[in-house]
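Visitor:
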Amino acid sequence: MNAKKSADSKVIMTELVLPNDTNFFGNLMGGRLMYWMDIAAAISAGKHCNAPVVTASVDNISFESPVKLGNVVHIEAFVTRAFHTSMEVYLRVWGEDTTRQFKYKSNEAYYTFVALDPHRKPLPVVQVIP
Ligand SMILES: CC(C)(COP(=O)(O)OP(=O)(O)OC[C@H]1O[C@@H](n2cnc3c(N)ncnc32)[C@H](O)[C@@H]1OP(=O)(O)O)[C@@H](O)C(=O)NCCC(=O)NCCS
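Per my numbering, numbering through the sequence shown is continuous, rising by one, with the last residue being 165.
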């Protein structure tokens, strides 16, 4: 199997924070953001290995700045390491206030995904060119 570049698995997902996404303080709920991050990371891992993937673990999520109601969320994800059947995906999250025209870093995290074959058994993945 030919190795692939990290850039080949890059995904940028954009969402608008609506009232149903927020907590009592008008900030995006952490759980909702983690859900969006999981989807962005799964798409990225799937692009790398060209197979269905499942989330194996989520490491080191830290919420630095809240994302406000009405702001835009940009989630950038790409595969940083490939092991045998598992892949590490790095995520960076930015908030954007489109009215006042500035962006701010919200958080970052590493997710691990495992590729599965049609029998739902772990499937070897291609290596990553950093
Ligand atoms: C992840 C899963 C496929 C691993 O299956 P398994 O039978 O334990 O397979 P293995 O022990 O052969 O491990 C396969 C790979 O997964 C990795 N892995 C397993 N559990 C892991 C964990 N908790 N965190 C990180 N990696 C993990 C192993 O290190 C191995 O990686 P490698 O092949 O690159 O060395 C299985 O545990 C599973 O289906 N989990 C549920 C996934 C899911 O439903 N996610 C949605 C959230 S509930």
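Yeah, the Cβ is synthetic: ideal placement off N, Cα and C, and Gly gets one too.
Which residues in the same chain as Ile-164 place their Cβ atom closer than 6 Å to its Cβ, once the five residues preceding and following it in sequence are excluded?
Guide: Along the sequence shown, read from residue 1 onward, the residue named residue 164 stands at position 129. Hits under 6 Å: Ala-38, Lys-40.
Visitor: Straight-line CA distance for Gly-66 to Ala-76?
Guide: Along the sequence shown, read from residue 1 onward, the residue named residue 66 stands at position 31. Along the sequence shown, read from residue 1 onward, the residue named residue 76 stands at position 41. Rounded to the nearest whole angstrom, the C-alpha separation of Gly-66 and Ala-76 is 15 Å.
Visitor: In the DSSP assignment, find the alpha helix (DSSP H) that holds Ser-79 and state where it starts and stops.
Guide: Counting from one through the sequence shown, the residue named residue 79 turns up at place 44. Looking at the DSSP string, the run of the alpha helix (DSSP H) that includes Ser-79 is 65-84.
Visitor: Please classify Ser-92: is it buried, with 16 or more other beta-carbons within 10 angstroms of its beta-carbon, or exposed?
Guide: Position 57 of the sequence shown holds residue 92. By the 10 Å Cβ count, Ser-92 comes out exposed.
Visitor: Considering only heavy atoms of ligand 1, does any lie closer than 6 Å to the CB of Pro-157?
Guide: Here residue 157 is taken as the residue at index 122 of the sequence shown, counted from 1. The answer is yes for Pro-157.
Visitor: According to DSSP, is Ser-100 helix, strand or coil?
Guide: For the purposes of this step, residue 100 is taken as residue 65 along the sequence shown, with counting starting at 1. Residue state, collapsed to three classes: coil.
Visitor: Please classify Asp-94: is it buried, with 16 or more other beta-carbons within 10 angstroms of its beta-carbon, or exposed?
Guide: In the sequence shown, the residue the question calls residue 94 occupies position 59. Asp-94 comes out exposed.
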